[in-house]
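Visitor: I'd like to ask you about the structure that follows.
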Amino acid sequence: MRREGEIYVVHRLLDEQICDSEGRRVGRVDDIELRGNPPRITALLVGEGLYPRRLPGWAARLARRISGPETWGSNALRIPWEDVDDLSSTVKLRKKAEDLGLGEGDDPQRWIVRRLPWN
Amino acid sequence: MKTIFKIALGIIAAIGGFLDIGDLVFNTQAGALFRYDLLWAVVLGTIGIAVYAEMSGRVAAVSGRPVFDVIRMRLGFGFGLLALIASTLVNLLTVAAELGGIAIVLELLFDAPYSMFVITGAIALVLIVALLPFGGIERLFGYGGLVLFVVVATVFHQNPDWGAVAHGFVPSLDSSTLYLYFVVGVFAAALMPYEVHFYSSGAIEEGWTEENLKENRLNALLGYGIGGVLSVALVIISGYLFHPLGVEPSDLGTVALPMQGAFGETGLLLALGGILFCVGGAAIDSSFAASYNLAQFLGWEWGRYQGPRKAPRFTASWLVFLLLGIAIAQSGINPVEITEYSVVFSVVALPLTYLPVLLIAGDRSFMSEHANGRIASALGWIYFAVIVVLSLAAIPLLLATNGGGG
Chain A
183 MRREGEIYVV
193 HRLLDEQICD
203 SEGRRVGRVD
213 DIELRGNPPR
223 ITALLVGEGL
233 YPRRLPGWAA
243 RLARRISGPE
253 TWGSNALRIP
263 WEDVDDLSST
273 VKLRKKAEDL
283 GLGEGDDPQR
293 WIVRRLPWN
Chain B
691 MKTIFKIALG
701 IIAAIGGFLD
711 IGDLVFNTQA
721 GALFRYDLLW
731 AVVLGTIGIA
741 VYAEMSGRVA
751 AVSGRPVFDV
761 IRMRLGFGFG
771 LLALIASTLV
781 NLLTVAAELG
791 GIAIVLELLF
801 DAPYSMFVIT
811 GAIALVLIVA
821 LLPFGGIERL
831 FGYGGLVLFV
841 VVATVFHQNP
851 DWGAVAHGFV
861 PSLDSSTLYL
871 YFVVGVFAAA
881 LMPYEVHFYS
891 SGAIEEGWTE
901 ENLKENRLNA
911 LLGYGIGGVL
921 SVALVIISGY
931 LFHPLGVEPS
941 DLGTVALPMQ
951 GAFGETGLLL
961 ALGGILFCVG
971 GAAIDSSFAA
981 SYNLAQFLGW
991 EWGRYQGPRK
1001 APRFTASWLV
1011 FLLLGIAIAQ
1021 SGINPVEITE
1031 YSVVFSVVAL
1041 PLTYLPVLLI
1051 AGDRSFMSEH
1061 ANGRIASALG
1071 WIYFAVIVVL
1081 SLAAIPLLLA
1091 TNGGGG
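Protein chains in written order, with the working numbering: chain A, 183 to 301; chain B, 691 to 1096.
Written out as structure tokens, the structure reads:
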């Protein structure tokens, strides 16, 4: 259940650790999507493609030049707010990481099998 | 009864794991150059690490958050990244210094070239980490390091002028820049940030909860407190033996010589063995610290308890940090010099990792009734002020004294 009380978004939500429904650590809240008027949180944004926009101006431009633009679905993911289960300690999701496209970097299959040159 | 026994074992491991190559080098040099005059700075640093470790261990046990988790939350992405880069560089230098230390001791024990032993030592560490569970790794090196109490025995054997020793515990400020440089060095060697990165992540590796808070307090106060006795003993024995002779210890082997003087071959072997366990344990702690920090900052799965299958990125990054450490240690730079740089730069990076822990430890929304009380809070802020002053002074002093060379 989503908590209805007030939270300080930047204090308690931004940069928080995200865990999937199995308790695996699958990334951090790299940015937050707000929509509407008054603004409501509609999604959590996760992925290394979002790092440049978190840096101060000059560093952000430099980081974009190096890493290229953010590509939704590969280096930046959108986790709909409906999939957030609980915020009491870490951000707990309702689904497994695979179902949301998260945590691929820690998928042993990908490390052991797919990375080998003959595959 | 069983829990008391378990807690006692943990404290003993903390005592044995207290020293690393930075303490060995800086404390011995401090004694040789200034006799007992810097003992107060050793005590100041030891209390500092106890305060900081207790706080970060408490935060980890209560909120499940290790240091770099907290850093990213409190400093945000930009400053957090700065803290990560600074800490990683310092930790890498430390890994290299400790690997170099292992190689020096093996070289002295087995009479084969240094460069061969850097790699042999690193392979041995990988095997130990692969085969032993987390608690086993900690205990192996912690108990092994206890052998270094031979230094304390040597101090009593030589029976120095205790009045002069006692006088060294009174803070005194000499105006010479070299003295001030060693105040920073001795303090920073006791307060190396990797110790706290490792300690707080270790609390989560071992599944600590609020029930372990007593254990945490005893580990930090007694474990690090008694561990500090070893540092004090190093300064005293070096001040007693090397200061009158004007010897300036520039390699790790010299650290062991007073024990040979007192107890012959056995003393030397015990000292070298103790040093080997201390720097070996610190090599593991500092390399783990580097990968804990990276994984926690980026939100990866991490931990020795997860194993390489569940935390492949963490495991791979650990191996990469170890390889980089080997590369630096093999570069031909004297490990004692690498040690000095790692210690002095660590104090520069320290405020960035210390402040977020202090803020979270005092935050009731995370810590509820376990938030910093008045004493912990006052001590915490006093130490923060000390750390900021020393971190600002560190680089100018390093340059002014030509890296402690005078």
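Glycine is no exception: its CB is placed at the ideal position from the N, C-alpha and C atoms. The structure presented is a predicted model; accordingly, all values stated were derived computationally and were not measured.
Does the Cβ of residue 240/A have 16 or more other Cβ atoms within 10 Å, making it buried, or fewer, making it exposed?
Guide: The residue you call residue 240/A lines up with position 58 of the first sequence. Exposed.
Visitor: How should residue 801/B be labelled, buried or exposed, when 16 other C-beta atoms within 10 angstroms of its C-beta is the threshold for buried?
Guide: Sequence index remark: in the second sequence, residue 801/B carries index 111 (1-based). With fewer than 16 Cβ atoms within 10 Å of its Cβ, residue 801/B is classed as exposed.
Visitor: Between the segment 780-797 of chain B and the segment 811-818 of chain B, do three or more beta carbon pairs fall short of 8 Å?
Guide: Touching, per the Cβ criterion.
Visitor: Quick one, are the C-beta atoms of residue 886/B and residue 746/B less than 8 Å apart?
Guide: The residue given as residue 886/B occupies position 196 in the second sequence. The residue given as residue 746/B occupies position 56 in the second sequence. Yes, they are a contact pair.
Visitor: Is it buried or exposed for residue 806/B, if we count other Cβ within 10 angstroms and need 16 for buried?
Guide: Locating residue 806/B in the second sequence gives position 116, counting from the first residue. With fewer than 16 other Cβ atoms within 10 Å, it is exposed.
Visitor: Starting from residue 802/B, trace the alpha helix (DSSP H) in both directions and tell me its first and last residue.
Guide: In the second sequence, the residue the question calls residue 802/B occupies position 112. It is not in any alpha helix (DSSP H) - residue 802/B carries neither H nor E in the DSSP assignment.
Visitor: Looking only at its chain, what residues have a beta carbon closer than 8 Å to the beta carbon of residue 283/A, apart from the 5 residues adjacent to it on each side?
Guide: In the first sequence, residue 283/A corresponds to position 101, counting from 1. Around residue 283/A: 255 and 259.
Visitor: Taking the continuous alpha helix (DSSP H) assigned at residue 236/A, which residues delimit it?
Guide: Locating residue 236/A in the first sequence gives position 54, counting from the first residue. Run containing residue 236/A: 233-236, per the alpha helix (DSSP H) assignment.
Visitor: Are the beta-carbon atoms of residue 726/B and residue 927/B separated by less than 8 Å?
Guide: Locating residue 726/B in the second sequence gives position 36, where the first residue counts as 1. Locating residue 927/B in the second sequence gives position 237, where the first residue counts as 1. Cβ atoms of residue 726/B and residue 927/B: not closer than 8 Å.
Visitor: Rounding to the nearest angstrom, what Cα-Cα distance links residue 1060/B and residue 901/B in this structure?
Guide: What you label residue 1060/B is simply residue 370 of the second sequence in a count that begins at 1. What you label residue 901/B is simply residue 211 of the second sequence in a count that begins at 1. Spanning the two alpha carbons is a distance of roughly 12 Å.
Visitor: CA-CA distance, residue 999/B and residue 288/A?
Guide: Here the question's residue 999/B lines up with position 309 in the second sequence. Here the question's residue 288/A lines up with position 106 in the first sequence. Rounded to whole angstroms, residue 999/B to residue 288/A spans 8 Å at the Cα level.
Visitor: Give me the residue from 198/A, 226/A, 200/A and 194/A with the minimum Cα distance to residue 264/A.
Guide: To locate residue 264/A, count along the first sequence from 1; it is residue 82. The candidate whose alpha carbon is nearest that of residue 264/A is 226/A.
Visitor: Consider the Cβ of residue 227/A: report whether some Cβ of chain B lies at a distance smaller than 8 Å.
Guide: Translated into positions along the first sequence, residue 227/A becomes position 45. By this cut-off, residue 227/A is not an interface position.
Visitor: Pick out the complete alpha helix (DSSP H) segments inside the segment 772-849 of chain B, 4 residues or longer, and give them in chain order.
Guide: Segments of the alpha helix (DSSP H) lying fully in the segment 772-849 of chain B: 804-821, 824-835 and 840-848.
Visitor: With a threshold of 8 Å between beta carbons, is residue 1057/B in contact with chain A?
Guide: As a first step, residue 1057/B must be located in the second sequence, where it is residue number 367. Chain A contact via Cβ: absent.
Visitor: Which chain B residues sit within Cβ distance under 8 Å of residue 200/A?
Guide: If you number the first sequence from 1, residue 200/A lands on position 18. Those are 989, listed as they occur along chain B.
Visitor: Can you have a look at residue 1072/B and say buried or exposed, based on whether 16 or more other CB atoms are within 10 angstroms of its CB?
Guide: As a working mapping, residue 1072/B is identified with position 382 in the second sequence. Looking at its Cβ environment, which holds fewer than 16 other Cβ atoms inside 10 Å, residue 1072/B is exposed.
Visitor: Which same chain residues end up closer than 7 Å to residue 907/B when comparing Cβ atoms and leaving out the 5 residues on each side of it in sequence?
Guide: Here residue 907/B corresponds to residue number 217 of the second sequence, with the count starting at 1. Closer than 7 Å at the Cβ level, and outside the excluded window around residue 907/B, lie 744.
Visitor: Taking only beta carbons into account, state which residues of the segment 253-281 of chain A come closer than 9 Å to chain B, listed in chain order.
Guide: Per Cβ criterion, the list reads 271 and 272.
Visitor: Out of curiosity, what's the CA-to-CA distance linking residue 972/B and residue 815/B?
Guide: For this step, residue 972/B is matched to residue 282 along the second sequence. For this step, residue 815/B is matched to residue 125 along the second sequence. Taking the straight line joining both Cα atoms gives about 11 Å.
Visitor: Does DSSP put residue 905/B in a helix, a strand or coil?
Guide: On the second sequence, position 215 is the one that residue 905/B refers to. Three-state DSSP puts residue 905/B in a helix.
Visitor: Could you check whether residue 830/B and residue 962/B sit closer than 8 Å to each other, using their CB atoms as the reference points?
Guide: As a first step, residue 962/B is located in the second sequence; it is residue number 272 there, counting from the start. As a first step, residue 830/B is located in the second sequence; it is residue number 140 there, counting from the start. Going by C-beta atoms, residue 962/B is not nearer than 8 Å to residue 830/B.
Visitor: Could you name the residues of chain B that residue 238/A contacts, counting a contact when the two beta carbons are closer than 8 Å?
Guide: Taking the first sequence and counting its residues from 1, the one referred to as residue 238/A is at position 56. The contacting residues are 768.
Visitor: Could you name each continuous beta strand (DSSP E) segment of 3 residues or more that falls completely within the segment 706-739 of chain B, going from the start of the chain to the end?
Guide: Those beta strand (DSSP E) runs which fall completely within the segment 706-739 of chain B and span 3+ residues do not exist here.
Visitor: Short of 7 Å in beta carbon distance, which residues of its chain neighbour residue 983/B, apart from the five on each side in sequence? Order them along the chain.
Guide: For the purposes of this step, residue 983/B is identified with residue 293 of the second sequence, where counting begins at 1. Only 758, 774, 777, 778 and 887 meet the Cβ criterion.
Visitor: Would the beta-carbon of residue 880/B fall within 8 Å of that of residue 732/B?
Guide: If you number the second sequence from 1, residue 880/B lands on position 190. If you number the second sequence from 1, residue 732/B lands on position 42. Going by C-beta atoms, residue 880/B is nearer than 8 Å to residue 732/B.
Visitor: Just the C-alpha distance for residue 1022/B and residue 784/B, rounded to the nearest angstrom, thanks.
Guide: On the second sequence, position 332 is the one that residue 1022/B refers to. On the second sequence, position 94 is the one that residue 784/B refers to. Computed Cα separation, rounded: 16 Å.
Visitor: Only counting the same chain, and skipping five residues up and downstream in sequence, which positions put a Cβ closer than 8 Å to that of residue 194/A?
Guide: Within the first sequence, residue 194/A is the residue found at index 12, counting from 1. Within the same chain, residue 194/A has close Cβ partners 269.
Visitor: Please confirm whether residue 710/B and residue 882/B have their CB atoms less than 8 Å apart.
Guide: As a first step, residue 710/B must be located in the second sequence, where it is residue number 20. As a first step, residue 882/B must be located in the second sequence, where it is residue number 192. Closer than 8 Å, so yes.
Visitor: Okay, do the segment 835-843 of chain B and the segment 964-981 of chain B touch, 3+ Cβ pairs below 8 Å being the bar?
Guide: Contact holds: three or more Cβ-Cβ distances are below 8 Å.
Visitor: Could you tell me if residue 756/B is buried or exposed, where buried requires 16 or more neighbouring beta carbons within 10 angstroms of its beta carbon?
Guide: On the second sequence, position 66 is the one that residue 756/B refers to. Residue 756/B comes out buried.
Visitor: I'd like the ranges of any beta strand (DSSP E) spanning at least 3 consecutive residues and lying wholly in the segment 1036-1073 of chain B.
Guide: Listed in chain order, there is nothing to give.
Visitor: Less than 8 Å between the C-beta atoms of residue 721/B and residue 1004/B, yes or no?
Guide: As a position in the second sequence, residue 721/B is number 31, starting the count at 1. As a position in the second sequence, residue 1004/B is number 314, starting the count at 1. Not in contact: residue 721/B and residue 1004/B (Cβ atoms no closer than 8 Å).
Visitor: Find the nearest neighbour of residue 921/B within the set 708/B, 1091/B, 823/B and 1090/B, judged by alpha-carbon distance.
Guide: In the second sequence, counting from the first residue as 1, residue 921/B sits at position 231. Nearest C-alpha to residue 921/B: 708/B.
Visitor: Rounded C-beta distance between residue 924/B and residue 717/B? I'm assuming under 8 Å.
Guide: The residue labelled residue 924/B in the question sits at position 234 within the second sequence. The residue labelled residue 717/B in the question sits at position 27 within the second sequence. That belief holds up - the Cβ atoms of residue 924/B and residue 717/B are roughly 4 Å apart, short of 8 Å.
Visitor: Please determine, among 786/B, 974/B and 845/B, the residue with the shortest C-alpha to C-alpha distance to residue 827/B.
Guide: Here residue 827/B corresponds to residue number 137 of the second sequence, with the count starting at 1. Considering only alpha carbons, the answer is 974/B.
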